[in-house]
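The numbering of the sequence shown is the working numbering, which starts it at 130 and goes up by one.
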Amino acid sequence: MSNMYSNKWYDDKAVEAKFLLGGIGTGNFSVGIRGQLCDWELWEDEAVGRRIPYTFFALRTEQEDGSVKVKVMESKKKPPYERSHGFDPWDNLGIPRFEHSRMCGEVSQVVVELTDSAMPVDVTMTGFTPFIPLNEDDSGIPAAILRYRVHNKTGQTVKTSVVGSLANVVGFAGYKRFADPKIEGEAWNEQRQKEGYQGIYMSNHFAEDDLRFGSMSLVTTSKEHVTVKPEWLIGGWWDGAHDFWAEFEETGQMHPGSSEPESTSAIAEAREWKIGSLCADFELKAGEEKEIEFVISWYFPNRRAYWPGHMFPKPEKEKTVRHYYSTLFSDAWDVSEKLLKKLPLLEKQSEQFRKALYETTIPAEMLDAMAANLTVLRSHTCFRLEDGSFLGWEGCFDDAGCCEGNCTHVWNYQQALAFLFPNLERNMRWNNFLLETDEEGRMYYRGNRIFGFDYYDAIPPAADGQTGTIVQLYRDWKLSGDDEFLKQMWPKASLALDYAFTCWDTDGDFVFDGEQHNTYDIEFYGMTSMTNSVFYAALKAAEEMAAYLNDEAHEKKYREARLKGSERMDRMLYNGEYYIQKNDQKGKYQYYDGCLSDQVFGQELAHICGLGYILPQEHVKSAVYSVYKYNFREKMGEHINVQRCYAMDDESGLILCTWPHSKKPRIPFVYSDEVWTGIEYQVAAHLIYEGYFEEALKIVSAVRSRYDGVRRNPWNEVECGNHYVRSMASWGLLIAASGYGFDLTKGKVSFAPKISQDHFSCFFSTGKHWGVYRQTIDPETNQLESRIEVLYGDQNDLELQQ
């Protein structure tokens with residue numbers, strides 16, 4: 130692959146920086162700033178911080194004078210070093226490392242450069258996972274490519290060896306008292322070779338329906354001289370490690386077996402681990418460089434057939450269900466084999482996407498926000514079942530999923546899945562309407578029917594989530610042009626919207642004023658523009674869908690409700706500057722006269738879908754600017770927040786709610802003082818639509834400054850968990866900045882860029898295509914010249930509307 134386009138590099142002070150490798154719904158591991166492999170989350174459970182023994186890549190060099198150097202291909206660990214028993218032997222932290230590292234990660238690949246003044250070579254590690262919009266299967270491969278490019282920076286020949294080691298952790302069951310990993314069953318390793326590649330296959334003796342069942346593999350495609358140690362010496366204490374490092378340092382090669390006998394100790398029992406290593410040795414002439422390619426793949430097909438979360442009871446009898454990727458592969462070796470067979474095409478298409486995304490006139494801060502949060506899709510937040518169902522938590526604890534059930538009022542905000550993998554997004558509509566909406570029209574916003582469970586009495590319907598799915602249906606239909614999809618969804622979708630009239634509008638005036646459960650995990654009472662704006666966006670979307678389907682009764686009903694309701698709400702709640710809450714039932718967890726950042730969220734959704742204004746334009750413009758004016762803080766240090774803290778001290782951020790003209794309630798609504806990146810992004814996108822581009826950019830820059838690698842991980846924006854779904858609202862920045870319009874029912878797309886109109890380019894996608902849009906102003910004629918270049922899909926069935 131070529132060099133990266135944005136060139137946003139993090140130096141080795143960015144100790145929080147970790148980039149995920151793995152496919153959509155497959156599990157993953159991460160590459161840290163030092164080049165270390167960490168956070169092994171190959172199974173169904175989340176595992177931030179999980180380490181597995183003796184899994185690393187190392188380098189040996191021998192110069193013409195016979196001097197030998199051996200180093201792990203990572204940079205040195207930064208303090209603190211405080212540990213009750215020191216660092217574990219299997220972390221290899223007693224082995225020399227490179228002096229410095231720096232990292233750059235973009236969507237599908239991460240690059241780590243390692244330098245050391247005492248070494249005759251420099252090393253560049255590249256990690257790659259296919260990520261191709263509209264191709265969810267090839268973006269869902271349980272594997273990662275790791276390439277180590279070694280450059281001889283001296284004027285003489287250097288004998289070089291690159292070795293990779295991987296632990297067989299099939300049967301992993303946590304850690305023992307002294308932090309040694311516990312491996313259940315009888316693990317075994319097997320050396321294998323095929324034309325063009327060779328490696329080690331790893332498995333264990335478990336039944337196919339056992340949660341522990343699975344396999345792993347370590348493969349190299351190197352055409353250099355390759356030697357293999359399928360299994361390290363098994364012994365007491367650290368015999369295997371001593372044997373490995375002695376052989377590597379002495380010979381620069383790996384061979385089966387050991388010159389040392391297996392032994393045990395009365396104190397240190399023999400390790401259960403099966404460690405395998407592959408080694409390529411070669412010569413580098415002065416100034417020469419070579420690259421050694423490895424593949425790490427895994428196959429753990431089973432997961433529990435329920436949400437193993439914290440909100441619903443564990444079923445009396447546990448069953449298993451399979452991951453979707455188990456329908457594509459038979460084991461880890463099969464994963465590597467099929468990946469390598471298609472690798473040139475997968476790399477080409479992944480690179481085309483990456484290049485199309487980054488070679489753009491969209492500001493770098495916005496691109497950074499958009500691209501970084503695509504990691505959510507490859508994290509443990511999202512998974513797929515054997516039948517293709519796409520499911521997601523809200524986010525993840527370090528060791529478990531958080532807030533189960535495809536939560537509608539959180540998924541409401543994200544846009545990335547819909548525009549990049551619309552088949553998966555449409556599957557969520559199937560879940561919302563055909564599975565989780567009952568015969569009265571009530572939609573259960575934390576779905577469990579996919580696993581055969583009903584917990585409906587435990588949760589109320591969500592006003593913002595239920596109405597938001599109507600807008601999502603409209604968006605998904607327009608992106609795909611799939612009329613059959615709309616016809617299939619419409620009966621339950623219209624029923625779900627009809628339910629809103631009776632559930633949340635108590636007096637029939639088309640303004641929600643009843644008990645409205647919402648994304649803040651509370652109920653709003655009375656009239657609030659947050660839930661009502663989403664309602665009016667849903668009515669506008671449903672009105673157009675009903676007209677298309679010749680459902681005249683619903684079209685008339687929804688138009689009347691939208692026009693009357695939005696006029697009344699605007700008259701009742703607009704205070705001349707922004708929208709407030711009217712609530713006669715005084716009580717806790719309301720915002721009353723406050724300036725809520727989400728107050729016109731529905732309008733932002735309407736803009737993205739091309740539905741036009743659902744409230745008076747000037748009032749909307751004033752309201753969203755007021756959110757920026759009153760809720761954005763240059764420095765959070767003077768802001769008093771007793772709730773969860775996501776921004777602090779000298780950091781900037783957008784607070785969820787402030788009270789600029791009245792006293793803040795003694796007990797305000799839950800989360801009101803917090804800063805959520807997903808809401809920051811939806812407000813920023815909305816500011817762009819209303820003409821406040823610089824203000825939007827300031828908010829986005831504030832977010833990405835907080836996630837700078839030193840304070841927080843740039844590829845993990847958190848809220849109620851790691852890799853939080855709402856952060857994918859950042860994709861809306863692209864839709865807003867490009868003025869993108871889409872209607873695949875007519876086969877047309879359009880653009881109205883908000884910046885750089887004389888020289889603009891951006892990535893775009895529909896449900897059938899993706900590519901690049903470009904426009905320029907001819908300096909001689911002052912005429913606009915524009916075109917679309919389709920890189921994926923058929924350009925002949927897509928028209929650019931001028």
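Idealized CB from N, CA, C, for every residue including glycine.
Residue environment, residue i, which counts as buried when at least 16 other CB atoms sit within 10 Å
{"i": "Ser131", "result": "Here the model assigns Ser131 a pLDDT of 36, short of 50, so the residue's position is not dependable, and the following value carries that caveat. When all chains shown are included, Ser131 counts as exposed."}
{"i": "Ile769", "result": "exposed"}
{"i": "Gly594", "result": "buried"}
{"i": "Ala881", "result": "exposed"}
{"i": "Cys786", "result": "buried"}
{"i": "Glu824", "result": "buried"}
{"i": "Glu569", "result": "exposed"}
{"i": "Ala752", "result": "buried"}
{"i": "Ile796", "result": "exposed"}
{"i": "Leu323", "result": "Residue identity differs from the one stated: residue 323 is Lys in this sequence, not Leu. Classification for Lys323: exposed."}
{"i": "Gly782", "result": "buried"}
{"i": "Ala629", "result": "buried"}
{"i": "Thr910", "result": "exposed"}
{"i": "Ser204", "result": "buried"}
{"i": "His888", "result": "exposed"}
{"i": "Leu474", "result": "exposed"}
{"i": "Lys685", "result": "exposed"}
{"i": "Phe653", "result": "buried"}
{"i": "Asn541", "result": "buried"}
Whole-angstrom C-beta distance between residue j and residue i, which should lie under 8 Å
{"i": "Gly269", "j": "Phe186", "result": "At roughly 25 Å, the Cβ-Cβ gap does not stay under 8 Å, so Gly269 and Phe186 are not in contact."}
{"i": "Ser662", "j": "Ile588", "result": "At roughly 23 Å, the Cβ-Cβ gap does not stay under 8 Å, so Ser662 and Ile588 are not in contact."}
{"i": "Glu466", "j": "Lys403", "result": "With a Cβ gap of about 21 Å, Glu466 and Lys403 do not count as contacting."}
{"i": "Val640", "j": "Gly694", "result": "5 Å"}
{"i": "Ser915", "j": "Gln904", "result": "4 Å"}
{"i": "Met499", "j": "Asn535", "result": "That pair is no contact at about 22 Å."}
{"i": "Pro385", "j": "Lys358", "result": "6 Å"}
{"i": "Asn281", "j": "Ala415", "result": "6 Å"}
{"i": "His538", "j": "Asn647", "result": "6 Å"}
{"i": "Leu553", "j": "Glu265", "result": "6 Å"}
{"i": "Ala866", "j": "Lys877", "result": "Not really, about 20 Å apart at Cβ, beyond 8 Å."}
{"i": "Ala336", "j": "Pro218", "result": "The Cβ separation is near 33 Å, so there is no contact."}
{"i": "Tyr869", "j": "Trp899", "result": "Wrong, their Cβ atoms sit about 12 Å apart, outside the cutoff."}
{"i": "Glu193", "j": "Thr286", "result": "6 Å"}
{"i": "Asn221", "j": "Phe342", "result": "About 29 Å; that fails the 8 Å criterion."}
Own chain residues within Cβ distance below 8 Å of residue i, not counting five before or after
{"i": "Thr510", "result": "Gly521, Trp522, Glu523, Gly524, Cys525, Gly530, Gly850, Asn851, His852, Tyr853, Val854"}
{"i": "Gln912", "result": "Ile906"}
{"i": "Ser890", "result": "Glu488, Thr489, Thr490, Val901, Tyr902, Arg903, Gln904"}
{"i": "Val804", "result": "Met765, Tyr775, Ala776, Gly782, Leu783, Ile784, Leu785"}
Contacting residues, own chain, Cβ-Cβ under 6 Å from residue i (five flanking each side not counted)
{"i": "Trp606", "result": "Leu615"}
{"i": "Ala461", "result": "Ser344, Met345, Ser346, Ser426, Trp427, Tyr428"}
{"i": "Ser856", "result": "Asn502, Thr806, Gly807, Glu846"}
{"i": "Thr283", "result": "Pro249"}
{"i": "Met254", "result": "Gly164, Val241, Tyr277"}
{"i": "Tyr718", "result": "Ile651, Phe798, Val799"}
7 Å CB neighbourhood of residue i in its chain, flanking five on each side removed
{"i": "Ala176", "result": "Asp168, Trp169, Glu170, Asp528"}
{"i": "Leu668", "result": "Tyr687, Ala690, Arg691"}
{"i": "Leu563", "result": "Lys621"}
Residue i CB to nearest heavy atom of the ligand MN below 7 Å
{"i": "Leu496", "result": "Absent from the structure shown: the ligand MN. Ligands present: none."}
Original post:
Using 8 Å as the threshold, is the segment 196-206 in touch with the segment 453-461, meaning 3 or more CB pairs across them?
Top reply: no
Within the chosen definition, does the segment 810-818 reach the segment 723-741 through at least 3 CB pairs nearer than 8 Å?
Contact holds: three or more Cβ-Cβ distances are below 8 Å.
>> Check whether the segment 417-432 and the segment 380-388 touch, using three or more Cβ-Cβ pairs below 8 Å as the test.
In response: Two segments are said to touch when three or more pairs of C-beta atoms, one from each, lie closer than 8 Å; by this definition the segment 417-432 does not touch the segment 380-388.
Checklist entry - Are the segment 672-681 and the segment 717-731 in contact at 8 Å, needing three or more beta carbon pairs? => result no
In chain order, what are the residue ranges of uninterrupted beta strand (DSSP E) at least 3 long that sit wholly in the segment 271-314?
If we require 3 residues or more, the beta strand (DSSP E) runs fully inside the segment 271-314 come out as 272-281, 287-297, 301-304, 310-312.
If we count Cβ pairs, one from each stretch, closer than 8 Å, do we get three or more for the segment 140-158 versus the segment 261-275?
yes
- Message: Tell me whether the segment 436-448 and the segment 468-482 touch, counting them as touching only if at least three CB pairs, one residue from each stretch, are closer than 8 Å.
- Response: no
Check whether the segment 223-237 and the segment 140-148 touch, using three or more Cβ-Cβ pairs below 8 Å as the test. yes
Can you list the alpha helix (DSSP H) stretches of 4 or more residues lying completely in the segment 339-398, in chain order? 368-380
| Completely contained alpha helix (DSSP H) runs for the segment 551-639, where each covers 4 or more residues | 551-558, 592-609, 612-632
Inset, instruction - Entirely within the segment 688-749 and at least 4 residues each: give me those alpha helix (DSSP H) ranges in chain order. - result: 730-737
Unbroken stretches of the beta strand (DSSP E), 3 residues or longer, contained in the segment 151-213
157-161, 166-170, 185-191, 197-204
Exercise for review: Pick out the complete beta strand (DSSP E) segments inside the segment 847-929, 3 residues or longer, and give them in chain order.
Suggested key: Runs of the beta strand (DSSP E) inside the segment 847-929: 870-872, 877-879, 888-894, 899-906, 913-921.
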